[in-house]
């Protein structure tokens, strides 16, 4: 790899990260502005930024947590690419069987299932890659 290609790759990565951070900040501000919320929906405008919005929508997820002082906070986090291999059945199983009785119980119960879910995603990825090579 040459220094120029390294610099170009770094520049593209930094620009990409800058766009994602900007979209995140704007989406945070949009929670209080209906017009801005509508503008941030992918496909609502045919301008150039639509691709970035689609990527952000497809590669991030959000959860809401209640802090000890009873304030609610929204956490946005990246979704790893391997998660696309999680089956619909497994998603439903986790949703329907995760313990919700006590405060905090769903977090512990969910994390007890993560090893099995991760192994399933790796297996699904392997199967699908073999199917692609055979066709």
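Numbering (the working numbering), first residue to last: 302 to 436.
Idealized CB from N, CA, C, for every residue including glycine.
Cα-Cα separation, residue i to residue j
{"i": "residue 434", "j": "residue 399", "result": "36 Å"}
{"i": "residue 372", "j": "residue 365", "result": "10 Å"}
{"i": "residue 430", "j": "residue 417", "result": "20 Å"}
{"i": "residue 357", "j": "residue 333", "result": "19 Å"}
{"i": "residue 360", "j": "residue 342", "result": "14 Å"}
{"i": "residue 367", "j": "residue 403", "result": "13 Å"}
{"i": "residue 425", "j": "residue 393", "result": "17 Å"}
{"i": "residue 351", "j": "residue 374", "result": "27 Å"}
{"i": "residue 432", "j": "residue 329", "result": "41 Å"}
{"i": "residue 339", "j": "residue 326", "result": "15 Å"}
{"i": "residue 354", "j": "residue 335", "result": "17 Å"}
8 Å Cβ cutoff met for residue i and residue j
{"i": "residue 395", "j": "residue 378", "result": "no"}
**Whole runs of the beta strand (DSSP E) within the segment 359-415, excluding any shorter than 3 residues** = Here the runs fully enclosed are 361-367, 373-379.
**Request:** Would you be able to state if there are at least three C-beta pairs under 8 Å between the segment 377-393 and the segment 415-430?
**Result:** yes
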